[in-house]
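*Asks:* Submitted below is the structure of interest, expressed as structure tokens.
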Amino acid sequence: MSTPLQAATSQVVEEFSLSTETLRAIAAEFVVEAQRGLRLPGQSMPMLPSYVTSVPTGEEKGVFLAVDLGGTNLRVCSVHLDGNGKFKIVASKSPLTKKLMTGTAEGLFSFIAEQVRDFLAKHIDERFAEEQPHAGSTGHYFKLGFTFSFPVVQTGINSGTLLRWTKGFDIPDAIGPDVCELLQEQLDKLKLPVHVAALVNDTVGTLLTRAYTSAGNGSTIAGIILGTGTNCAYVEDRAAVTKLGDPTPADRDIMIINIEWGSFNNNNTVLTRTPIDDAVDAETPNKGVHIFEKRVSGMFLGEIIRLLLLDLSAKGLIFCQPSHELLTPWTLDTSFLSAVESDTSVDLSTIESTVSSSLGLPTTLAERESIQQLVKIIGKRSAYLAAAIIVGLLTQTKALDKYPTVDIGMDGSVFQLYPGYASMIRDGLRILLGKDASRVTIGLAEDGSGVGAALCALVA
Ligand code: GLC
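Below is the structure:
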């Protein structure tokens, strides 16, 4: 006889499990939505042209500045591309406060400019200024690549307007103006010798970095972020991007597309949906969109488990008294799930201390077993959804027909830190691709945002 808690846990596990048919339906629907987005502007999964029209060879050289905005921290870095797929990076990081993330455009962009000023004061010597190829009469000495990891409709390599905010950012007056101009204005106010030369999504940066560091072996087709948010950029034939009109002789053969796959299947026709998913969505500023991201990425996994536990507690099945922490939205982050997932001790003592320190609650062994089952299914669902959408991408690109092995660059905290995540993605790929799964290589493209921004600034 199972206890009421065990029965309720099994029910959640069942609701969160994905059948092979669902995974196949997701892969197939991805192709439909991708093709629609390439054909028509304004689709919910927008397939945004990045205006990056070549992939690095590994031989690129130069020194650039990069600003990386889009996760939990703002990073400013200088990137030395040394050729031969090698680089050096010096970075400084500052946390982004809720006030910056939900205030005004001026507040955010002046903060970024101040961080650039401080970085220049601390790290930049005259040698760097001399190495900059574009020092000169314009007064702009440093070329800066701006990694701005949100959905941006670009009109060129260093111009674009925000479609909408994601990942908890909400600054209404930044939607409309050109985001590069917003940054340039604030840099100019501080009289900094910096020119915003390229606007890059982190996924585009990840793709370029992976291609650069694998010395241009030619088969890197995509860059994926599995971190605070999730998204992918990939190499598409320019001719397939019909919403840009027919290619002219001046156009290159390829166009890197920022898919914004966080917004895959916003209408839930193939994604399964539980009441907890709806509850998470209801708590976000971007309700009803980026639905796929809210099932998969790091920002949301902690909130999914918190709401599941709260629900069980309200039903009297776990924690006789909910704590203040359990009642507070967004208290738990993905490190909670990572700790719970990895506990292999007989008495689940890591879970005991993790729940106690994050939620201030004591647990029985039976409760800890349930919490671990819930966490494991949330993590597995995330990785299997990622695998299914990757298979959709492989279908769209016909990459397995074109190359003996297909290479994908990945970055992000979930991919890097969640225990067993990479192998769960591989399991998902095997379910859908059989032995062809072994022809897909997935490699970490660390520092993709910084190095990719530098590579873009170089071609800009
Ligand atoms: C969100 C953003 C997207 C970004 C991703 C990963 O989905 O909309 O632009 O690439 O997060 O950071």
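The numbering of the sequence shown is the numbering used here, which starts it at 1155 and goes up by one.
Every residue, glycine too, gets a C-beta built ideally from N, C-alpha and C.
For E1175, count neighbouring C-beta atoms within 10 Å of its own C-beta (all shown protein chains included) and say buried if the count is 16 or more, exposed if not.
*Replies:* Taking the first residue of the sequence shown as position 1, residue 1175 is located at position 21. Burial call: exposed.
*Asks:* Does DSSP put S1110 in a helix, in a strand, or in coil?
*Replies:* Lying outside 1155 to 1614, the shown extent of the chain, residue 1110 is not represented and no answer is given.
*Asks:* Are E1214 and L1598 touching if we call contact CB-CB under 8 Å?
*Replies:* Translated into positions along the sequence shown, residue 1214 becomes position 60. Translated into positions along the sequence shown, residue 1598 becomes position 444. Going by C-beta atoms, E1214 is not nearer than 8 Å to L1598.
*Asks:* Considering only heavy atoms of the ligand GLC, does any lie closer than 7 Å to the CB of S1536?
*Replies:* Here residue 1536 corresponds to residue number 382 of the sequence shown, with the count starting at 1. False, no ligand heavy atom lies under 7 Å from that Cβ.
*Asks:* Determine the direct distance from the alpha carbon of R1392 to that of V1493, and round the result to whole angstroms.
*Replies:* On the sequence shown, residue 1493 is found 339 positions in, with the first residue counted as 1. On the sequence shown, residue 1392 is found 238 positions in, with the first residue counted as 1. It is worth fixing the name first, because residue 1493 is Ala in this sequence and not Val. About 44 Å.
*Asks:* Between F1184 and the ligand GLC, is the CB less than 7 Å from at least one heavy atom?
*Replies:* For the purposes of this step, residue 1184 is taken as residue 30 along the sequence shown, with counting starting at 1. F1184 Cβ: outside cutoff for every heavy atom of the ligand GLC.
*Asks:* According to DSSP, simplified to helix, strand and coil, what is M1155?
*Replies:* Here residue 1155 refers to the residue found at position 1 of the sequence shown. Reduced to three states, the DSSP call for M1155 is coil.
*Asks:* Note the first and the last residue of the continuous alpha helix (DSSP H) segment covering R1193.
*Replies:* Here the question's residue 1193 lines up with position 39 in the sequence shown. It spans T1174 to R1193 - the alpha helix (DSSP H) in which R1193 sits, taken as one unbroken run.
*Asks:* So, under 8 Å CB-CB, F1446 and G1416 are touching, yes? Tell me the CB distance rounded to an integer number of Å.
*Replies:* Sequence index remark: in the sequence shown, residue 1446 carries index 292 (1-based). Sequence index remark: in the sequence shown, residue 1416 carries index 262 (1-based). Between G1416 and F1446 the Cβ distance is about 6 Å, and since that is below 8 Å, they are a contact.
*Asks:* Could you name the residues of the same chain whose beta carbon sits closer than 7 Å to that of E1479, not counting the 5 residues immediately before and after it, in chain order?
*Replies:* The residue you call residue 1479 lines up with position 325 of the sequence shown. T1485, S1512, L1513 and G1514, listed in sequence order.
*Asks:* Assuming P1429 is part of the alpha helix (DSSP H), what are its boundary residues?
*Replies:* Within the sequence shown, numbered from 1, the residue matching residue 1429 stands at position 275. Run containing P1429: P1429 to A1436, per the alpha helix (DSSP H) assignment.
*Asks:* Helix, strand or coil for E1214? Go by DSSP, reduced to three states.
*Replies:* On the sequence shown, position 60 is the one that residue 1214 refers to. Residue state, collapsed to three classes: coil.
*Asks:* For the ligand MN, is there a heavy atom less than 7 Å away from the beta-carbon of T1438?
*Replies:* With respect to the ligand MN, the structure shown offers nothing to examine, as its ligands consist of the ligand GLC.
*Asks:* From N1312, A1351, P1305 and Q1340, pick the residue whose C-alpha is nearest to that of I1329; which is it?
*Replies:* Against the sequence shown, residue 1329 aligns to sequence position 175. Of N1312, A1351, P1305 and Q1340, the residue nearest in Cα terms is P1305.
*Asks:* Below 8 Å on the Cβ atoms is my contact criterion, and I expect L1380 with M1564 to pass it. Report the Cβ-Cβ distance as a whole number of Å.
*Replies:* Translated into positions along the sequence shown, residue 1380 becomes position 226. Translated into positions along the sequence shown, residue 1564 becomes position 410. Rounded, the Cβ-Cβ distance is 6 Å, consistent with contact.
*Asks:* Helix, strand or coil for V1509, going by three-state DSSP, please let me know.
*Replies:* Position 355 of the sequence shown holds residue 1509. If DSSP states are grouped into helix, strand and coil, V1509 belongs with the helices.
*Asks:* Which same chain residues end up closer than 7 Å to A1351 when comparing Cβ atoms and leaving out the 5 residues on each side of it in sequence?
*Replies:* Taking the first residue of the sequence shown as position 1, residue 1351 is located at position 197. Counting only Cβ-Cβ distances below 7 Å, and skipping sequence neighbours, we find K1297, L1298, G1299, N1312, A1611 and A1614.
*Asks:* Which residues share a DSSP beta bridge with M1409?
*Replies:* On the sequence shown, residue 1409 is found 255 positions in, with the first residue counted as 1. Per DSSP, E1390.
*Asks:* According to DSSP, what are the bridge partners of P1249?
*Replies:* Indexing the sequence shown from 1 puts residue 1249 at position 95. Beta-bridge pairing links P1249 to N1227.
*Asks:* In this structure, what does DSSP give as the bridge partners for F1296?
*Replies:* Within the sequence shown, the letter at position 142 stands for residue 1296. Beta-bridge pairing links F1296 to V1348.
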